[in-house]
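S.K.:
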Amino acid sequence: MKKILEVKNLSFDYENFNLKNINLTIEKGKFIGIIGPNGSGKSTTLKLVTKLLKPKSGKILLFGKNLENCTRTYIASKISFVRQEFNPVFEFKVKDIIELGALHRKKSFFTSIENQQKIKNCLDMVELSGYEDRYFSTLSGGEQRRVLIARSLYQETPIIIVDELAAHLDISHAVQIVEILKKLTKKGKSILSAFHNINIASKYCDYIYALKDGQILFEGAPKDVITIENIKKLYNKDFHIINHPKYNYPIVTV
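Numbered as in my numbering, the sequence shown ends at 1159 without a single skipped number.
(1) So what does V912 bridge to, in DSSP terms?
(2) Looking only at C-alpha atoms, which of G1119, A1115 and E1134 sits nearest to I1126?
(3) By DSSP's criteria, Q1120 is part of a beta bridge. Which residues make up the other side?
(4) I'd like to check one pair, L1089 with A1079: are the Cβ atoms closer than 8 Å?
(5) Whole-angstrom Cβ separation of L1033 and I931, contact assumed at under 8 Å?
(6) With a CB to CB cut of under 7 Å and the five nearest residues on each side skipped, what residues in its chain are close to I1054?
(7) Using DSSP's beta-bridge definition, name the partner residues of G938.
(8) Can you tell which of L1139, G969, T955 and E1084 has its C-alpha closest to the C-alpha of I1066?
(9) Given this structure, state the Cα-to-Cα distance separating K1138 from E1084, to the nearest angstrom.
(10) Applying the criterion that 16 or more other CB atoms from any shown protein chain within 10 Å of the CB defines a buried residue, is F1100 buried or exposed?
(11) Looking at the structure shown, is H1149 part of a helix, part of a strand, or coil, going by DSSP?
(12) Can you tell me which of L967, K925 and N974 puts its alpha carbon nearest to the alpha carbon of K908?
(13) What residue from L953, T976 and L957 has the CA that sits closest to I965's CA?
(14) For my contact list, T1043 and S982 are in at a C-beta cut-off of 8 Å; report their separation, rounded to the angstrom.
(15) Could you spell out the range, first to last residue, of the beta strand (DSSP E) harbouring T1158?
(16) Tell me which same chain residues have a C-beta within less than 6 Å of the C-beta of D1111, skipping the five on either side of it?
(17) Determine the closest residue to S962 out of K925, K933 and N974, with distance taken between C-alpha atoms.
(18) Buried or exposed: V1159, going by 16 or more other Cβ atoms within 10 Å of its Cβ?
(19) With distances taken between CB atoms, is the gap from D1075 to G1047 smaller than 8 Å?
(20) Going along the chain, which residues of its own chain have a beta-carbon closer than 8 Å to the beta-carbon of Q1049, five neighbours each way excluded?
(21) What is the C-beta distance between K1023 and Y1059, in whole angstroms, given that I count them as a contact (C-beta under 8 Å)?
(22) Do you know how far the Cα of D1068 is from the Cα of E920?
(23) Excluding five sequence neighbours on each side, which residues of the same chain lie with their C-beta closer than 6 Å to the C-beta of I1003?
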């Protein structure tokens, strides 16, 4: 399987937090999850692989190129990043927010009829049909989140990175979004997402990295990572693990 993003021995220091020797690989067509308690380094890792933060040491290769030497335009053509928080300074309509995600390929100030249809299609996919002319600031947190997912779809990159996929979403829309992303892996796109919801990660991810205190404690297929012993070490609490009766993936219960 082709490796399209490789993180090698990555370290990062910030005040009282250290990320230590992170090694992570994304292959074409795979759904990769990162789990771990708050403050474990999930968001920091995602910001490093999108060049929003600079590592202390280590290397990140994006399609074989050293990320440190890649231009913002090149990165935007390969990675779309959905952050947990997005607070634009100015008032933007939904269609403008979405189109801002593809400035790297925009050749004209005006939106073509073809691109207008693409925007509508992306909004349809996240169940926000007819929202093109709504102002982003007037939407609920969950609706804003879905707009940002739509923007990542519109960006048409081979890699989509999501910082906490289910943030601001009710369980119905969280599952809807993750199923959309899972379908995209069947078309060759690669997904990397941080998860608070371990059970969603367990069902949909091909491979999971478990972080704690800035280090990867465990990695592997969901059935190998999500075990009673591993989850206790990760969260310092006893949980029960059962297998889903229909789909046979591990579920964490209290």
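We treat Cβ as the ideally placed atom computed from N, Cα and C, and that holds for glycine. Treat the numbers as computed from the prediction; the structure is a model and nothing was measured.
M.R.: From the atom records:
(1) L929 and I965
(2) First, the residue type needs correcting, since residue 1126 is Ala and not Ile in the sequence shown. Nearest C-alpha to A1126: A1115.
(3) K1117
(4) no
(5) In fact, because the Cβ distance is near 28 Å, the residues do not count as touching under 8 Å.
(6) V987, V1031 and I1082
(7) S1098 and I1113
(8) T955
(9) 29 Å
(10) buried
(11) coil
(12) L967
(13) L953
(14) In fact, because the Cβ distance is near 31 Å, the residues do not count as touching under 8 Å.
(15) P1155 to T1158
(16) K935 and F936
(17) K925
(18) exposed
(19) yes
(20) F991, F1041 and H1073
(21) 6 Å
(22) 21 Å
(23) I1024, A1055, R1056 and Y1059
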